[in-house]
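First the structure, in the form of structure tokens, and then the observations on it.
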Ligand code: AMP
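In the numbering used here, the protein residues as written are 74 to 492.
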């Protein structure tokens, strides 16, 4: 983590305008009904919340509004009720948990649209918080149906979006509703995502190192191509590295890889671009492999690929090798900016997690670098290995962060007012 005051959601400590989008800091919400889209899609077991991280994450934006005297109306989805009212996916336990965290009453509406909800909303006092029932109980939500969006729009004078994880979806609560409310702003969570995944990467402090891993090259090809415009070095691990090694003509045994002609062409194209642009493109120098795909199965490491290494025909590459780890540590320790997307191996299984753990540690140990973990599995891994709080930014979106890194305009962010 870079040695400087960390970004603290809810506090104005930097002076730059993020993406020229209207922020929750810029609005005057006193006495107004503020309809805020949050991401309360929490894991539940038998109606109990097993991880309340997402609820906690929304608190700075909620408290900012309540302290300013707003009447806060929260909406979210939970799970996949597929457009039907299903008590299994009710947000009621979330309202209770949020009330505990805020230390004040959180009202709950057993629906998210309609005359009764409108009456409840209109009876709120300044500073009060109401959580609406799951917006995905209506098909109109994911269909981005105009009538449903208009009904949601009746519930707010101001709209705030703080649900980054769904910002890449044009749904009624993330996009449609903004056609019915004039003032639409982003909350602190989206503001922070834009600061790190867009603004900081405009002119990153060098060397700018991109760590890529995970399952497929094809999923991340656009990000690879786009970041090649800025990056000084790439570090490639995971099954993605297997695909590159196969494309280079090496024997990868039973390793998981994309083996189609298209994937081979994609991989060769990337290697060629990297060479042409003189970008250090470091595919893991050696590979850890196993004959059994099970936790704590015996593993061995190939000879370095460049020295004739190969994965035996009856084995599969499940992690990066020791030479790769040494080389990656060295590159990461000298980086000025590091962005990480995708594990180096099958980190979910004990014994196959060595490379992923090492990369996370190298990032955490580089006190001078700006460190960004780009969502999904890498965030899970960084938290699992205890490095989460050492990173400058851990993205809260999987698909949304990938699309933002690809340079796409996300519908939920495009819909926010420009300033
Ligand atoms: P992604 O969603 O593309 O980031 O891929 C993450 C998944 O890739 C994780 O579930 C890992 O277990 C898996 N993965 C990483 N390395 C390998 C590998 N060498 N072989 C098979 N799966 C892998």
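Beta carbons are placed, not taken as given, at the ideal position from N, Cα and C, and that holds for glycine.
Helix, strand or coil, according to DSSP, for residue i in the structure here?
| i | result |
| --- | --- |
| residue 492 | coil |
| residue 137 | helix |
| residue 480 | coil |
| residue 80 | In this prediction, residue 80 scores a pLDDT of 41, lower than 50, which makes its location untrustworthy; the coordinate-derived value is nonetheless stated afterwards. Looking at residue 80 - three-state DSSP - the assignment turns out to be coil, as it is neither helix nor strand. |
| residue 224 | helix |
| residue 406 | helix |
| residue 197 | coil |
| residue 312 | helix |
| residue 401 | helix |
| residue 475 | helix |
| residue 337 | helix |
| residue 353 | strand |
| residue 306 | strand |
| residue 420 | coil |
| residue 204 | strand |
| residue 146 | strand |
| residue 180 | strand |
| residue 118 | strand |
| residue 252 | helix |
| residue 289 | coil |
| residue 158 | coil |
| residue 258 | strand |
| residue 487 | helix |
Taking the alpha helix (DSSP H) that residue i belongs to, which residues open and close that run?
| i | result |
| --- | --- |
| residue 454 | 450-457 |
| residue 299 | 294-300 |
| residue 167 | 165-175 |
| residue 113 | Looking at the DSSP string, residue 113 is not in any alpha helix (DSSP H), and its letter there is neither H nor E. |
| residue 267 | 261-267 |
| residue 215 | 212-216 |
Just to check my reading of the structure: residue i and residue j have Cβ atoms closer than 8 Å, yes? What is that Cβ distance to the nearest angstrom?
| i | j | result |
| --- | --- | --- |
| residue 372 | residue 363 | 5 Å |
| residue 311 | residue 347 | That pair is no contact at about 17 Å. |
| residue 150 | residue 206 | About 10 Å; that fails the 8 Å criterion. |
| residue 384 | residue 308 | The Cβ separation is near 20 Å, so there is no contact. |
| residue 344 | residue 317 | 7 Å |
In the DSSP assignment, the beta strand (DSSP E) including residue i goes from what residue to what residue?
| i | result |
| --- | --- |
| residue 389 | 389-393 |
| residue 427 | First-last for residue 427: 427-438, but that is the alpha helix (DSSP H), not the beta strand (DSSP E). |
| residue 373 | 372-374 |
| residue 504 | Residue 504 is absent from the model: the chain starts at 74 and stops at 492. |
| residue 110 | 106-110 |
| residue 443 | 443-446 |
| residue 361 | 360-363 |
| residue 384 | First-last for residue 384: undefined, no H or E at that position. |
| residue 285 | 281-285 |
| residue 234 | 231-234 |
Any heavy atom of the ligand FAD within a distance shorter than 7 Å of the CB on residue i?
| i | result |
| --- | --- |
| residue 292 | Here the bound small molecules are the ligand AMP; the ligand FAD is not part of this structure. |
Are the stretch 434-441 and the stretch 392-412 touching by the rule of at least three beta carbon pairs closer than 8 Å?
yes
Determine contact between the stretch 258-277 and the stretch 162-172, defined as no fewer than three beta-carbon pairs at a distance below 8 Å.
No, the stretch 258-277 is not in contact with the stretch 162-172.
Spell out a yes or no on whether the stretch 323-332 and the stretch 279-297 are touching, meaning 3 or more CB-CB pairs, one atom from each, closer than 8 Å.
yes
Taking contact to mean at least 3 C-beta pairs separated by less than 8 Å, is the stretch 235-247 in contact with the stretch 102-111?
yes
Counting Cβ pairs, one atom from each stretch, are 3 or more of them under 8 Å apart for the stretch 153-166 and the stretch 187-203?
no
Is there contact here, the stretch 420-433 with the stretch 352-367, by at least three beta-carbon pairs under 8 Å?
yes
Examine the Cβ distances between the stretch 243-254 and the stretch 474-491 and report whether three or more of them are shorter than 8 Å.
yes
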